[in-house]
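If you count by full-length UniProt numbering, then the sequence shown holds residues 1 to 155, one letter each, in order.
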Amino acid sequence: MNYILREIGAVSRCIHSINNLKFKEIHLQKGQFIFLTRICENPGINHVDLSNLLKVDKTTTTKVVQKFIKAGYIDKKRDMNDKRMWRLYPKEKALEIYPLIIKEENNRVEICFDNFTEEEKELAYQLVKKMRKNIENHWKEIKKTRGVNYDKTCS
């Protein structure tokens with residue numbers, strides 16, 4: 001069954017490679033477009049929720065957020081109810097390139113699903129979603145224990 005995950009990984013790497021080349025033109029570094037789209041789609045999201053949404057660690061999110069603030073893509077504002085929390089908002093610069101990012105994402109989707117019937121597209125979505133839910137539970141447990149003494153480790 002390794003071949004299934006390897007195929008999914010290959011698809012993911014191809015898409016990321018294409019996107020990284022395309023988004024170099026708008027000065028986005030490797031993988032940053034994912035963060036920018038989620039901030040544009042979820043104005044006011046906090047660091048923790050953004051990390052969980054993207055399935056990345058908080059350190060990675062913090063680094064990307066700092067780069068975006070410096071580059072003028074986003075603003076960071078204190079949460080009104082919890083002064084320890086910061087909310088992230090897209091600035092005009094981010095909102096201007098968001099449609100381009102979505103257009104490129106849609107192009108990849110169209111290419112990936114070329115020659116698929118609507119039923120095959122829906123089946124692929126349901127199966128991958130089920131896989132994501134399965135691994136997400138495992139990811140949360142590993143994250144919680146930082147991998148220490150968690151019994152479903154690699155052997």
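Ideal placement from N, C-alpha and C gives every residue a C-beta, glycine not left out.
Bear in mind the structure is a predicted one, so any value in this text is a computation, not a measurement.
Residue i, buried or exposed, once every other Cβ within 10 Å from all chains shown has been counted against 16
| i | result |
| --- | --- |
| residue 116 | exposed |
| residue 73 | buried |
| residue 51 | buried |
| residue 123 | exposed |
| residue 99 | exposed |
| residue 88 | buried |
Reduced DSSP category for residue i - H, G, I as helix; E, B as strand; rest coil
| i | result |
| --- | --- |
| residue 91 | coil |
| residue 6 | helix |
| residue 82 | coil |
| residue 55 | coil |
Residues sharing a beta bridge with residue i, DSSP
| i | result |
| --- | --- |
| residue 46 | 87 |
| residue 76 | 88 |
CB-CB length for residue i against residue j, believed under 8 Å
| i | j | result |
| --- | --- | --- |
| residue 58 | residue 48 | 7 Å |
Please determine if the stretch 37 to 51 and the stretch 3 to 22 are in contact, where contact requires at least 3 C-beta pairs separated by less than 8 Å.
Too few Cβ pairs lie closer than 8 Å, so no.
Can you confirm whether the stretch 20 to 35 touches the stretch 62 to 71 when touching is taken to mean that 3 or more C-beta pairs between the two stretches lie within less than 8 Å?
Verdict: yes, contact present.
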